[in-house]
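Reading through the structure tokens given below for one structure.
2 protein chains.
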Amino acid sequence: MAAFADADSLAHAVAAVEALGPLDARAMTAASAHLDGLTKPPGSLGRLESIVVMLAGITGRPDATVGRRAVIVAAADHGVARRGVSAYPQEVTAQMVANFLAGGAAISVLAARAGATLTIIDVGVASKIPAAADTSGRGGRLISARIRAGTADMTVGPAMTHGEALAAIAVGLRVGEAAVADGVDLLAIGEMGIGNTTAASALTAVLAEAPLELVTGAGTGLDAAGLARKRAAIGAALAVNAPDPKDPLAVLAAVGGLEIAALIGVILAAVGARVPVILDGFIAGSAALVAVGLAPGVAPRLLAGHRSAEPGHAVILRRLELEPLLDLDLRLGEGSGAALAMDLVGAAVSIRDEMATFASAGVSGREER
Amino acid sequence: MAAFADADSLAHAVAAVEALGPLDARAMTAASAHLDGLTKPPGSLGRLESIVVMLAGITGRPDATVGRRAVIVAAADHGVARRGVSAYPQEVTAQMVANFLAGGAAISVLAARAGATLTIIDVGVASKIPAAADTSGRGGRLISARIRAGTADMTVGPAMTHGEALAAIAVGLRVGEAAVADGVDLLAIGEMGIGNTTAASALTAVLAEAPLELVTGAGTGLDAAGLARKRAAIGAALAVNAPDPKDPLAVLAAVGGLEIAALIGVILAAVGARVPVILDGFIAGSAALVAVGLAPGVAPRLLAGHRSAEPGHAVILRRLELEPLLDLDLRLGEGSGAALAMDLVGAAVSIRDEMATFASAGVSGREER
């Protein structure tokens, strides 16, 4: 019964995205015209201007605001971690969730700087989350929604059942819908899960039809032997599960992760409600790859916060035709790059709203020759 | 007499930079060690971490603060503007200075967002600056220090005399020293001057020994005929003046600009006082090229705020071995890209100061295998 309800939720979310149609051309034209009247040569603020136009296209409002901001981080463990695919032990997932809640993690710091609320979804952490006291004022809010205590080892079978994948997506849908109901203007997504670059590489290899060597990197800092183990594990997972690239949900269940599934739900809920979503790096990108597979209308409504140092991310960005806002060699995840990019979106909106026009400032326009 | 005093000021500033020696290795090692104790894989915050290390190296303090921020914009006109090298009429320089003061320009908005004071130096605007009322609260402060009403037309002779170039540098030195005396922690520099990409292209062609076609772009938005006029003007200026690349001051006087000269002074004053300087785009970069020619110790103490869409900027960045923080297709100048980059420097310092350590957060470290 639960599985039917989850499948239904997903079908509704996909239908909502597909009902959006193309970006709002009228709002985009109005935003462009406004920008061209401001005291600067047309187009001279580059990506800041294209952000303004894109916000108009996504929201349908040339004056879309981005004041209410939220960072949503999904956390879960990976059975494949037992294959030595990460430089860190599995208990770090739970420990880092506690660190998010206490305000000591990078995303705690960067979300607070961005003026964003921070929500952590435990959708499948394997171990108990240590008690965390927030003495910093930067701690996140925890939503406990474990589907299972980490995925199964994908090298010997599917990471999740179809029903578990749907359930994890449904968790994300609910959290995303709650953020929309709270009036969020701008959403950034991130993740935590020891072993999850392995899942993201497997997803990318299948869904972007790319060689696994090209999409598998050192993650949190593997040495050569660790990287070899990781590639072997992904190779085994793809051989054992033989996922069909035409069936994104089946690929997700076979070689994905619970936190990746939850992010898919968050993306679909926000995009369907015309809320701009800033992706973080490689793992959030792999969630976007699945979300776009389920609902192609998602793609033009995503912002790529940054270009990750993980090699597979470039493949995803090309596939989704996304040009990242930042390129700072980040490879942390947690939503760190997406939260950093929020300032650029805020700057774009300030430019739109606070600059003088040629007329109001008495500045001469271009000369005709 | 004034010229002797100006030459003396410059010699002192250059000597102060050269007395700094290499970046402070001990402070950099301490900053790196601190970063490696924070709850993230070592190096996973990429450029944010290298900013922290660089600030330590520049200031000599692993805990350098960046709370007191200033944007300094130098403005002046260019005699070569009469050759039709810009898409805008010359009076726009004065009008835009008024716009800076009224708070309506992009840099007014972005400096305010960055929490920075905004100072405008009129070092050689050709026309009267219109009255400006700041009703926005974002207006800048004007320092009137005109050396002359714009440079001479460099296509028929030197843009400035040697003495005028020195005097304009001395203006920048004084403004930079005042900022240092005010306790500024982080400085961003920018400029305004119709025609000044022409001067920057000429400087870059000579000092970076690059073909002028490679370093000359559309500026604020020239069409093909305008670009041809601009290249012809630069070609004429280089032929008439034949500046010696080994003598950066002579090159500056021949084909530079008063605002570029002032920025050289600002850079030297700040760098000599161990204050980190964020460059804006192409024109600020051309000032840095001259400053490094005068005092090579400047180079490792500069941050490149962004990569400009102007083609000559890439040549400067390579020459100075600078990797820009942002790459957003900006081509406005005014210090806009440098002011935007201030948030990244602030984020880097927040990461350094606010994140938990593995020990304090109870997070397990890397596994040895």
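Residue numbers (our numbering), protein chains in the order written: chain A, 1 to 369; chain B, 1001 to 1369.
A virtual CB, placed ideally from N, CA and C, is assigned to each residue, including glycine.
Under the 8 Å criterion on CB atoms, Met54 (chain A) is classed as non-interfacial with respect to chain B. Under the 8 Å criterion on CB atoms, Met28 (chain A) is classed as non-interfacial with respect to chain B. In this structure the segment 1329-1337 of chain B lies against the segment 40-49 of chain A, because at least three pairs of beta carbons, one per stretch, are closer than 8 Å. At least 8 Å separates the CB of Val345 (chain A) from every CB of chain B. Look at the segment 1160-1209 of chain B and you find these whole runs of beta strand (DSSP E), each 3 residues long or longer: 1186-1192. At a cut-off of 8 Å between beta carbons, Val92 (chain A) contacts chain B. Counting along the chain, Asp1036 (chain B) sits inside the alpha helix (DSSP H) bounded by residues Ala1025 to Asp1036. About 10 Å separates the CB atoms of Val1298 (chain B) and Ala1287 (chain B); that is not less than 8 Å, and the two are not in contact. The beta carbons of Ala1076 (chain B) and Val1125 (chain B) sit about 6 Å from each other, so the pair counts as a contact at 8 Å.
Below the 7 Å Cβ cutoff, chain A contributes Gly46 and Arg47 as neighbours of Asp1329 (chain B), in chain order.
Annotation: Leu249 (chain A) to Met96 (chain A) spans about 28 Å, alpha carbon to alpha carbon.
Listed along chain A are Ala87, Tyr88 and Pro89, each with a C-beta nearer than 7 Å to that of Glu1367 (chain B). About 29 Å separates the beta carbons of Ala1202 (chain B) and Val1275 (chain B), which is beyond the 8 Å limit, so they are not a contact pair.
Using a Cβ-Cβ cut-off of 8 Å, Glu310 (chain A) does not count as an interface residue toward chain B, since no Cβ of chain B sits closer than that to its own. Residue state for Asp1122 (chain B) is assigned as strand, using DSSP reduced to three classes.
Chain-ordered, the chain B residues with CB closer than 9 Å to the CB of Leu340 (chain A) read Leu1048, Asp1343, Leu1344 and Ala1347. By the beta-carbon neighbour count (other beta carbons within 10 angstroms, threshold 16), Arg141 (chain A) is exposed.
Of the candidates A:Ala64, A:Leu186, A:Glu164 and A:Pro41, A:Pro41 places its Cα closest to the Cα of Pro1089 (chain B). Contacts with chain A at 8 Å (Cβ-Cβ) include Ala1106 (chain B).
Restricting attention to B:Thr1039, B:Val1080, B:Ala1027 and B:Leu1038, the CA atom closest to the CA of Ala1064 (chain B) is found in B:Ala1027. In this structure, the straight-line span from the alpha carbon of Glu213 (chain A) to that of Asp223 (chain A) is close to 15 Å. At a C-beta separation below 9 Å, Arg1082 (chain B) has no neighbours in chain A, since its nearest C-beta there lies roughly 12 Å away.
For Thr1059 (chain B), the secondary structure class from DSSP, reduced to helix, strand or coil, is helix. By the beta-carbon neighbour count (other beta carbons within 10 angstroms, threshold 16), Gly1057 (chain B) is buried. Among the residues facing chain B, Val71 (chain A) is not included, as its CB has no counterpart in that chain under 8 Å away. Within chain B, the C-beta atoms nearer than 7 Å to that of Pro42 (chain A) come from Gly1221, in chain order. Within its own chain, the residues whose Cβ lies closer than 6 Å to the Cβ of Ala361 (chain A), once the five positions on either side in sequence are excluded, are Thr39, listed in chain order. Contact between Glu1191 (chain B) and Glu1259 (chain B) holds: CB atoms are separated by about 5 Å, below the 8 Å threshold.
Contact of Ile1278 (chain B) with chain A is not assigned, every C-beta pair being separated by 8 Å or more. If you check the CB distance, Leu101 (chain A) and Gly139 (chain A) come in under 8 Å. With contacts defined by Cβ atoms closer than 8 Å, Ile169 (chain A) and Ala74 (chain A) do not form a contacting pair. Using a CB distance below 7 Å, the part of the segment 112-123 of chain A facing chain B consists of Arg113, ordered along the chain. In the DSSP assignment, Ser1144 (chain B) falls outside any alpha helix (DSSP H) and within the unbroken beta strand (DSSP E) covering Arg1141 to Ser1144. 8 Å or more divides the Cβ of Ala270 (chain A) from the Cβ of Val349 (chain A). Judged by DSSP in its simplified three-state form, Ala1309 (chain B) adopts coil rather than helix or strand. The bridge partners DSSP lists for Arg69 (chain A) are A:Ala116 and A:Leu186.
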